[in-house]
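Chains as they are written, first to last, in my numbering: chain S, 2 to 353; chain P, 10 to 174. To start, the structure under review is shown below, and the notes come after it.
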Amino acid sequence: MKVFDYVRPASVAEAIAAAAAPGAVYLAGGTNLLDLMKGETLRPDRLVDVTRLPGLDRIEWLGDGGVRIGALVRNAALAHDAAFATAYPAVAEALLSGASAQLRNAATVGGNLLQRTRCAYFHDPASACNKRQPGAGCDARGGENRLHAVLGWSEACIATHPSDFCVPLAALDAVVEIEGPAGRREVALEALHRLPGDTPERGTALAPGELIVALRLPGEAAGFAAHARYLKVRERTSYAFAVVSAAAALRLEGGRIRAARLALGGVAARPWRARAAEESLVGVEAGEAAFRRAAEAALAEARPSGDNAFKIELARRLVRRALALAVAGTPARIPALPASPFPSVAGARHDA
Amino acid sequence: MSFPLSLTINGVARNITLDDPRVTLLDLLRERLELTGTKKGCDRGQCGACTVLLDGRRINACLALAASCDGATVLTIEGVTDGDALHPVQAAFIAHDGLQCGFCTPGQIMSALGLIDEGQAGDDPERVREGMSGNLCRCGAYAGITEAVLDAQRRLAGQDGRDAS
């Protein structure tokens, strides 16, 4: 690990001033940043430790029934907050399906939004990666790429965003509050992560020195609480990133869908909101035919970026399953294996 | 450049001066304080061998910068016994063969302490397995580990009259 300058500011204003130095990055839980620094993927000159900034570790309920979550709230604390899990169950399920208990205790809300891709070529400093080193090329294009993007990718970069948390957040219109050298602003979570295009090195809409201070979910999104699920296919039962994931949230009235929210994870450089699929569901009877149409619409623009054509069909099937489980209703308690499409009982049929 | 740190480790207040900001909590414990019960497995947050309780919550000490832990309370495997008497979680690991080589065991035990305190798993083996999935055991003692955690949890619930389910 390259040596760095460590500073611990006492206020947001001090933090932003400290982060104006070249090569500065913010440190919160550190679970992603320190790992990347140990591998020399990232070599920051200065760490601005924001963990002591006052007022950023609170969960506050808003007048519209929505919630404002401070950027330093730990992933585990949010997932286990009873009022939060009741209002936004798919978000709690997504959080609990990610990483391990140890990492969820350390990782913060703001840090989760800003976690970096798991693309092995991004992580390996000896590989060509346009995201790590603009103009270097992309070794993933001709390499091991079965887990890479099938939507929104470019010749310059086929990496995916690994967050589970961000998938239901995108579906539910979450908003990110940002402080920076130019003051305070907000962006929709859906617009926080950028598709690669010709500039994959710019992964987010944040300007240099900007700091995420909070995340908001609107009260309207809590209206989906009775029919909301997050499903995630992994290569092992637990403690693994998504191959493909889906967040589905519905409002039902007499067997018909009044409103629908759908987003996919593991398929693109951003959590992928499937608006055309949502529109196809509104006003129709909740059932397999509707789910099939929605799945087709959600993946209509998908194309393989390598050995990953299977992810497109896998995503379609996961969309159908997530919608069916959302119709069945949010479970009273988050399942023992959060977000798993498979039963926890050995020998039981997964599609029964 | 030096970094003064105050930590309470296993009940003892320690004032430490770091000469390098890169030191992790894991390396501080093992290399500077000679608390080598906490193990370095992968050093990248994947194996759980370095699990300790930081302010009561289980974390991977390899991914915590020591400087950022200033003011915290740390519990390591060296601090869980009551004198010479094993902690009920330690005794349960022995009783249920929750180990073979033993390298992952300090991390498993610290993780189990965290899991039991979180109170989310109850008496459900599936929830215990999921809650312990951040601790790898290359000897494959998982069946014994799950039994040990469930047994210890029942005993601890009996001791303090708390219903762990």
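Idealized CB from N, CA, C, for every residue including glycine. In this text, all values refer to a predicted model and were calculated from it rather than measured experimentally.
Report yes or no: is there a C-beta of chain P within less than 9 Å of the C-beta of residue i?
i, result
"residue 4 of chain S", "yes"
"residue 101 of chain S", "yes"
"residue 246 of chain S", "no"
"residue 32 of chain S", "yes"
"residue 266 of chain S", "no"
"residue 81 of chain S", "yes"
"residue 161 of chain S", "no"
"residue 312 of chain S", "no"
"residue 40 of chain S", "yes"
"residue 118 of chain S", "no"
Once the 5 residues before and after residue i are set aside, which same chain residues still bring their CB inside 7 Å of it?
i, result
"residue 47 of chain S", "5, 6, 8, 22, 24 and 25"
"residue 193 of chain S", "114, 177, 205 and 206"
"residue 130 of chain P", "124, 136, 137 and 140"
"residue 69 of chain P", "54, 57, 59 and 60"
"residue 69 of chain S", "61, 63, 215 and 217"
In chain order, what residues of the same chain have a beta carbon less than 6 Å from the beta carbon of residue i, not counting five sequence neighbours either side?
i, result
"residue 313 of chain S", "151, 300 and 303"
"residue 223 of chain S", "66 and 88"
Leaving aside the five residues before and after residue i along the sequence, list all residues of the same chain whose C-beta is less than 8 Å from its C-beta, in chain order.
i, result
"residue 132 of chain S", "118, 120, 123, 158, 160, 197, 201, 202 and 204"
"residue 73 of chain S", "29, 51, 52, 54, 57, 58, 109, 110 and 111"
"residue 137 of chain S", "129, 130 and 131"
"residue 160 of chain P", "101, 104 and 105"
"residue 256 of chain S", "286 and 287"
"residue 179 of chain S", "185, 186, 187, 188, 207, 211, 212, 213 and 214"
Per DSSP, what kind of secondary structure is residue i in: helix, strand or coil?
i, result
"residue 148 of chain P", "coil"
"residue 47 of chain P", "coil"
"residue 139 of chain S", "coil"
"residue 13 of chain S", "helix"
"residue 137 of chain P", "helix"
"residue 339 of chain S", "coil"
"residue 167 of chain S", "helix"
"residue 38 of chain P", "helix"
"residue 312 of chain S", "helix"
"residue 233 of chain S", "strand"
"residue 159 of chain S", "coil"
"residue 126 of chain S", "coil"
"residue 84 of chain P", "strand"
"residue 228 of chain S", "helix"
"residue 331 of chain S", "coil"
"residue 61 of chain S", "strand"
Does any CB atom of chain S fall closer than 9 Å to the CB of residue i?
i, result
"residue 173 of chain P", "Here residue 173 of chain P scores only 44 on pLDDT, less than 50, and its place in the model should not be relied on; the value that follows carries that caveat. It does not; no Cβ of chain S falls within 9 Å."
"residue 162 of chain P", "no"
"residue 47 of chain P", "no"
"residue 18 of chain P", "no"
"residue 142 of chain P", "yes"
"residue 135 of chain P", "yes"
"residue 165 of chain P", "no"
"residue 24 of chain P", "no"
"residue 12 of chain P", "yes"
"residue 107 of chain P", "no"
"residue 5 of chain P", "No answer is possible for residue 5 of chain P: the residues shown for chain P start at 10 and end at 174."
"residue 139 of chain P", "yes"
"residue 155 of chain P", "no"
"residue 85 of chain P", "no"
Mind checking residue i: buried by the 16 CB within 10 Å criterion, or exposed?
i, result
"residue 62 of chain S", "exposed"
"residue 103 of chain P", "exposed"
"residue 168 of chain P", "exposed"
"residue 24 of chain P", "exposed"
"residue 199 of chain S", "exposed"
"residue 210 of chain S", "buried"
"residue 11 of chain P", "exposed"
"residue 88 of chain S", "buried"
"residue 30 of chain P", "buried"
"residue 15 of chain P", "exposed"
"residue 306 of chain S", "buried"
"residue 164 of chain S", "buried"
"residue 162 of chain P", "buried"
"residue 236 of chain S", "exposed"
At least 3 beta-carbon pairs within less than 8 Å: the segment 67-83 of chain P vs the segment 33-42 of chain P: yes
When the Cβ atoms of the segment 313-325 of chain S are set against those of the segment 286-295 of chain S, are three or more pairs found closer than 8 Å? yes
Stretch pair the segment 49-64 of chain P + the segment 97-108 of chain P: three plus CB contacts closer than 8 Å: no
Does the segment 269-281 of chain S come close enough to the segment 168-188 of chain S to have 3 or more Cβ pairs within less than 8 Å? yes
Check whether the segment 90-100 of chain P touches the segment 132-149 of chain P, taking contact to mean three or more Cβ pairs, one atom from each stretch, closer than 8 Å. no
Say whether the segment 136-152 of chain S touches the segment 180-189 of chain S, bearing in mind that this needs 3 or more beta-carbon pairs closer than 8 Å, one atom from each stretch. no
Quick one: any contact between the segment 91-106 of chain S and the segment 332-347 of chain S, if contact means 3 or more CB pairs under 8 Å? yes
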